[in-house]
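S.K.: For what it's worth, numbering that gives the first Met the number 0 labels the leading residue of the sequence shown as 0, then goes sequentially. Think of the CB as a built atom: it goes at the ideal place given N, C-alpha and C, for glycine as much as any other residue. The structure under discussion is supplied below as structure tokens; questions concerning it will follow.
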Amino acid sequence: MNDTAKAPVLQIKGLNVHYGYDDRAVHVLRDVDLTLRAGEVLGIAGESGCGKSTLAYASTRLLPPPGLITGGEVIFTSQRDDRRFDLLELSDEELRRSRWDDTAIVFQGAMNALNPVYRIGRQLIDAIAAHRPGQRAKEHRARAAELLDMVGISADRMSSYPHQLSGGMRQRVMIAMALALEPQVVIMDEPTTALDVVMQRQIVEQLTRLRTELGFSVIFITHDVSLLIELADRIAIMYAGVIIEDAPARDVRHRPRHPYTHGLLHSFPPLHGPRRELGGIPGSPPDLAALPRGCAFAARCPVVLDECADTPPTLLRPDEGSPRQAACLHHAGRSTPLPDIIGAR
Ligand SMILES: Nc1ncnc2c1ncn2[C@@H]1O[C@H](COP(=O)(O)OP(=O)(O)OP(=O)(O)O)[C@@H](O)[C@H]1O
0 MNDTAKAPVL QIKGLNVHYG YDDRAVHVLR DVDLTLRAGE VLGIAGESGC
50 GKSTLAYAST RLLPPPGLIT GGEVIFTSQR DDRRFDLLEL SDEELRRSRW
100 DDTAIVFQGA MNALNPVYRI GRQLIDAIAA HRPGQRAKEH RARAAELLDM
150 VGISADRMSS YPHQLSGGMR QRVMIAMALA LEPQVVIMDE PTTALDVVMQ
200 RQIVEQLTRL RTELGFSVIF ITHDVSLLIE LADRIAIMYA GVIIEDAPAR
250 DVRHRPRHPY THGLLHSFPP LHGPRRELGG IPGSPPDLAA LPRGCAFAAR
300 CPVVLDECAD TPPTLLRPDE GSPRQAACLH HAGRSTPLPD IIGAR
């Protein structure tokens with residue numbers, strides 16, 4: 000089955016977020032469209048401040064003030080029954096029922112969200128019991144032990160307090176908690192960033208295995224595109240609050256279309272394969288409160304054209320049915336195969 004043939008499980012459509020109110024509000028997410036398909040790992044990468052966390056929070060209705068969703072839809076389509084709804088339209092009660100059961104979230108620094116005064120077994124059991132009140136305590140306990148085992152932590156650790164576990168183990172407990180109710184979608188925002196490379200690698204491998212075993216879909220957010228290349232089926236690159244490239248991971252790796260993607264790839268050492276020269280991207284992202292009229296990346300772009308200053312590029316497919324999209328004037332209106340402009344220069 001090709002990438003676009005799988006059923007969509009989460010469709011983010013025209014999502015807009017502002018921070019602040021009145022004429023001082025800053026438009027942070029601008030018309031974001033993104034589709035997560037059944038069983039897929041969709042990676043989202045971009046430098047700090049480009050809106051990745053805002054996207055995760057907004058699409059799960061967890062955006063704290065002064066963030067405000069100012070437009071769009073987040074359609075969840077269950078793969079197990081015939082439920083289909085816009086998460087942004089749910090009542091608080093409906094949202095409470097859907098959260099963790101349909102969509103679970105592991106946030107940045109989630110390992111610090113464990114309560115220091117309760118044993119980890121207790122915290123897992125409480126989370127399961129809150130959503131499965133019909134089950135017996137014995138079943139909750141067995142499920143908690145099974146979940147810990149799934150993430151490679153022995154069940155006798157149930158009686159440990161969070162401070163008795165390493166950072167990597169605590170993060171795995173949080174992943175176990177997210178998987179407790181067998182959600183169909185798991186959103187992970189920088190789940191491995193605070194960990195060392197070895198632990199990061201172990202968690203990513205574990206996640207890949209669990210995804211295959213349990214069949215959930217993942218949105219994995221990180222600033223490290225090299226990590227996504229290992230893990231994701233598809234990668235969306237964000238810059239200044241918009242998606243600027245969305246393509247299968249292998250295409251992002253071998254033939255990035257957007258000069259920003261190309262720059263990101265040369266900002267992190269690859270986890271595998273030949274070494275490449277690390278250049279980084281000179282300059283820094285623009286102030287979202289004062290975006291330029293044309294392409295937001297123009298000032299940093301190594302292949303900028305004159306018209307980039309005035310014409311904002313839109314996310315386009317080279318042709319109907321292509322799994323790739325890029326928002327760059329170099330690619331606008333061209334048919335496949337797109338010339339690899341960046342490589343050619
Ligand atoms: N509470 C807030 N009030 C005002 N602006 C905010 C607030 N939180 C975030 N922003 C702005 O929104 C933009 C996007 O931030 P966001 O945290 O979503 O980016 P990110 O890509 O996840 O970055 P990081 O990787 O550093 O978490 C940034 O420019 C930030 O300054």
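#1: Cβ-heavy atom distance between T59 and ligand 1 below 7 Å?
#2: From the DSSP output, in three-state form, read off Q183 for me.
#3: Would the C-beta of V25 count as close to ligand 1, meaning under 7 Å from any of its heavy atoms?
#4: Measuring CB to CB, does G151 end up less than 8 Å from R171?
#5: Do M176 and A126 have their CB atoms nearer than 8 Å?
#6: Please report the distance separating the alpha-carbon of I104 from that of E319.
#7: Within 10 angstroms of its Cβ, does P338 collect 16 or more other Cβ (buried), or is it exposed?
#8: Taking 7 Å as the cut-off, is the beta-carbon of P65 closer than that to any non-hydrogen atom of ligand 1?
#9: How about L14 and A57: do their beta carbons lie closer than 8 Å?
#10: In its own chain, which residues sit with a C-beta less than 7 Å from the C-beta of G19, not counting the 5 before and 5 after it?
#11: Any heavy atom of ligand 1 inside 7 Å of the beta-carbon of K51?
#12: At the level of alpha carbons, what is the spacing between S47 and P284?
#13: What are the start and end residues of the alpha helix (DSSP H) that includes A239?
#14: Rounded to whole angstroms, what's the CA-CA distance from T102 to D309? Just pull it up for me.
#15: Say whether the stretch 207-223 touches the stretch 180-198, bearing in mind that this needs 3 or more beta-carbon pairs closer than 8 Å, one atom from each stretch.
#16: By alpha-carbon positions, which one of L89, I186, Q134 ends up nearest to S52?
#17: Under a three-way DSSP split, which group does P336 fall into?
#18: What is the rounded straight-line gap between the Cα of D305 and the Cα of L287?
#19: Roughly how many whole angstroms lie between the Cα atoms of R316 and Y238?
#20: Can you find the residues in the same chain that come closer than 6 Å, C-beta to C-beta, to H67, ignoring five residues on each side of it along the sequence?
#21: Classify Y117 as helix, strand or coil using the three-state DSSP reduction.
#22: Which residue or residues does DSSP assign as beta-bridge partners of F219?
#23: Compute the distance between the beta-carbons of K5 and R36, then report whether it is under 8 Å.
#24: Can you name the residues that DSSP bridges to E72?
#25: Alpha carbon to alpha carbon, how far is E72 from V241?
#26: Counting beta carbon pairs with one atom in the stretch 114-133 and one in the stretch 153-170, are three or more of them shorter than 8 Å?
#27: Tell me which same chain residues have a C-beta within less than 6 Å of the C-beta of V203, skipping the five on either side of it?
#28: Give the DSSP-derived three-state secondary structure of V31 in the structure shown.
#29: Buried or exposed: where does V347 fall if 16 or more other Cβ atoms within 10 Å of its Cβ makes it buried?
M.R.: By the coordinates alone:
#1: The residue labelled residue 59 in the question sits at position 60 within the sequence shown. Every heavy atom of ligand 1 is 7 Å or more from the Cβ of T59, so no.
#2: As a first step, residue 183 must be located in the sequence shown, where it is residue number 184. In the structure shown, Q183 sits in coil (DSSP, three-state: anything other than H, G, I, E or B).
#3: Residue numbering aside, residue 25 sits at position 26 when the sequence shown is read from its first letter. With a threshold of 7 Å, the Cβ atom of V25 counts as near ligand 1, since some heavy atom of the ligand is closer than that.
#4: In the sequence shown, counting from the first residue as 1, residue 151 sits at position 152. In the sequence shown, counting from the first residue as 1, residue 171 sits at position 172. Closer than 8 Å, so yes.
#5: Here residue 176 is taken as the residue at index 177 of the sequence shown, counted from 1. Here residue 126 is taken as the residue at index 127 of the sequence shown, counted from 1. Yes.
#6: Within the sequence shown, residue 104 is the residue found at index 105, counting from 1. Within the sequence shown, residue 319 is the residue found at index 320, counting from 1. Cα to Cα, I104 sits roughly 33 Å from E319.
#7: In the sequence shown, counting from the first residue as 1, residue 338 sits at position 339. Confidence is the limiting factor: at P338 the pLDDT is only 44, short of 50, which leaves the residue's position unreliable, though a coordinate-based value still follows. Per the 10 Å Cβ criterion, exposed.
#8: What you label residue 65 is simply residue 66 of the sequence shown in a count that begins at 1. Under cutoff, so the answer is yes.
#9: Here residue 14 corresponds to residue number 15 of the sequence shown, with the count starting at 1. Here residue 57 corresponds to residue number 58 of the sequence shown, with the count starting at 1. Pairing L14 with A57 gives a Cβ-Cβ distance under 8 Å.
#10: Here residue 19 is taken as the residue at index 20 of the sequence shown, counted from 1. V25, P65, listed in sequence order.
#11: Within the sequence shown, the letter at position 52 stands for residue 51. Answer for K51: yes, Cβ within range of ligand 1.
#12: In the sequence shown, counting from the first residue as 1, residue 47 sits at position 48. In the sequence shown, counting from the first residue as 1, residue 284 sits at position 285. One C-alpha to the other measures close to 9 Å.
#13: Stepping through the sequence shown from its first residue, residue 239 is reached at position 240. Note, A239: premise wrong, no alpha helix (DSSP H); not H, not E.
#14: Within the sequence shown, residue 102 is the residue found at index 103, counting from 1. Within the sequence shown, residue 309 is the residue found at index 310, counting from 1. Their backbone Cα atoms lie some 40 Å apart in a straight line.
#15: yes
#16: By 1-based counting over the sequence shown, the position of residue 52 is 53. Nearest C-alpha to S52: I186.
#17: As a working mapping, residue 336 is identified with position 337 in the sequence shown. At P336, the pLDDT of 39 sits below 50, so the modelled position is not reliable; the number obtained from the coordinates is stated separately. Here P336 sits in coil by DSSP.
#18: Here residue 305 refers to the residue found at position 306 when the sequence shown is read from its first residue. Here residue 287 refers to the residue found at position 288 when the sequence shown is read from its first residue. Each residue's Cα considered, the two are about 22 Å apart.
#19: As a position in the sequence shown, residue 316 is number 317, starting the count at 1. As a position in the sequence shown, residue 238 is number 239, starting the count at 1. Each residue's alpha carbon lies about 18 Å from the other.
#20: The residue you call residue 67 lines up with position 68 of the sequence shown. The question names His, but residue 67 is Leu in the sequence shown. Answer for L67: H17, listed in chain order.
#21: The residue you call residue 117 lines up with position 118 of the sequence shown. Correct three-state label for Y117: coil.
#22: Within the sequence shown, numbered from 1, the residue matching residue 219 stands at position 220. Per DSSP, G42, M187.
#23: Translated into the one-based positions of the sequence shown, residue 5 becomes position 6. Translated into the one-based positions of the sequence shown, residue 36 becomes position 37. Contact: yes.
#24: To locate residue 72, count along the sequence shown from 1; it is residue 73. Partner(s): K12.
#25: As a first step, residue 72 is located in the sequence shown; it is residue number 73 there, counting from the start. As a first step, residue 241 is located in the sequence shown; it is residue number 242 there, counting from the start. Roughly 16 Å between the two C-alpha positions.
#26: yes
#27: Counting from 1 along the sequence shown, the entry for residue 203 is found at position 204. Excluding positions up to five away in sequence, the list reads L230.
#28: For the purposes of this step, residue 31 is taken as the residue at position 32 of the sequence shown. Note: V31 maps to strand in three-state DSSP.
#29: The structure shown has nothing for residue 347, since the chain only spans 0 to 344.
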